[in-house]
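A quick write-up on the structure given underneath.
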Amino acid sequence: MFLPLLTTIGLLTFVFHEPIKPAIGLSFRFNRWWLIAWAVPPILALLTFIVSLLLPGVFFDAGMQGMFARFGTTLSPEELATMQSQLAAAPSMPMLLGLAGGMAAGITVNAIAAFGEEAGWRGLLLKSLLPLGFWKSSLIIGSVWGLWHAPLILLGHNYPQHPVIGVGMMTLWTILLTPLLNFVTLRAKSVLAAAIFHGTLNGTMGLALLYIGGGNDLTVGGTGLAGMIALLLVNVVLYVGMKKHRLPVA
17 MFLPLLTTIG LLTFVFHEPI KPAIGLSFRF NRWWLIAWAV PPILALLTFI
67 VSLLLPGVFF DAGMQGMFAR FGTTLSPEEL ATMQSQLAAA PSMPMLLGLA
117 GGMAAGITVN AIAAFGEEAG WRGLLLKSLL PLGFWKSSLI IGSVWGLWHA
167 PLILLGHNYP QHPVIGVGMM TLWTILLTPL LNFVTLRAKS VLAAAIFHGT
217 LNGTMGLALL YIGGGNDLTV GGTGLAGMIA LLLVNVVLYV GMKKHRLPVA
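One gets the working numbering by counting positions in the sequence shown from 1 and adding 16 to each.
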């Protein structure tokens, strides 16, 4: 995840000869947009969960059998039996623990890891492309960001059942996610807001699958069709809000 950061540092040091901190928009001045960046990802997970339930062949699975089927191969039979017994005793506990853990990781270890990407995408690249306009720059950054994931996707990351189609799906997903990350970065006046958003998203988006049965890696989950519909809805709200209230982004 740190390749964009290292590439950015190399370009700024040896090609552009610019100070790194202002060039990537690195500011430690806290403001409410940091909190917004932290709060939005679990809302996206909830919206993705709701959209998933509206898709054909997808159903609410209180026993989490769908989740166990997806990830059970990584657990021993004993671990699987223990988790199932704990779930029977406290059905909401996995969600609560997952939410708490994901939110905590989102502003700590996940944010640090996400900064390795965001320094490039929401740092140098956003600053360079923003003169093209908010939405056009978002489209370009989202496309580059998605294609950058192609090797991982082809190895089975995010779309293990459909790795080839997954490259296009991942690129579409990053295109839809980029306006939100760009917006919080510009409003917070710090790339750290994007790192918090990105890190918290990675920590909480799995919650959208906890109680989902049916579907596959192309339809349910944050990077599936359900997640894209959720992002599209949020982008519509963002577009209308920016147009109606003439929200400044820079």
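Yeah, the Cβ is synthetic: ideal placement off N, Cα and C, and Gly gets one too.
Given the structure is predicted, the values throughout are model-derived calculations rather than measurements.
- The continuous alpha helix (DSSP H) containing G26 extends over residues 19-30.
- In the assembly as shown, I212 is a buried residue. Its beta-carbon has 16 or more other beta-carbons within 10 Å.
- Sequence-distant partners of L69 (beyond 5 residues in either direction) whose C-beta falls short of 8 angstroms from its own C-beta, in its chain, are F75, F76, I228.
- Secondary structure within the region 90-156: the alpha helix (DSSP H) runs of 4 or more consecutive residues, fully enclosed, are 93-105, 109-122, 125-134, 142-145 (chain order).
- P195 is the residue among Y255, P195, A105, L103 whose C-alpha sits nearest the C-alpha of H214.
- For L145 and G117, the gap between their C-alpha atoms comes out near 35 angstroms.
- Residue range 207-220 is occupied by the alpha helix (DSSP H) that includes T216.
- When secondary structure is reduced to three states using DSSP, I40 falls in the coil class, being assigned neither helix nor strand.
- The region 178-191 makes no contact with the region 19-30, as fewer than three CB pairs between them are under 8 angstroms.
- For the options E95, L248, L223, A204, the alpha carbon positioned closest to that of F44 is the one of A204.
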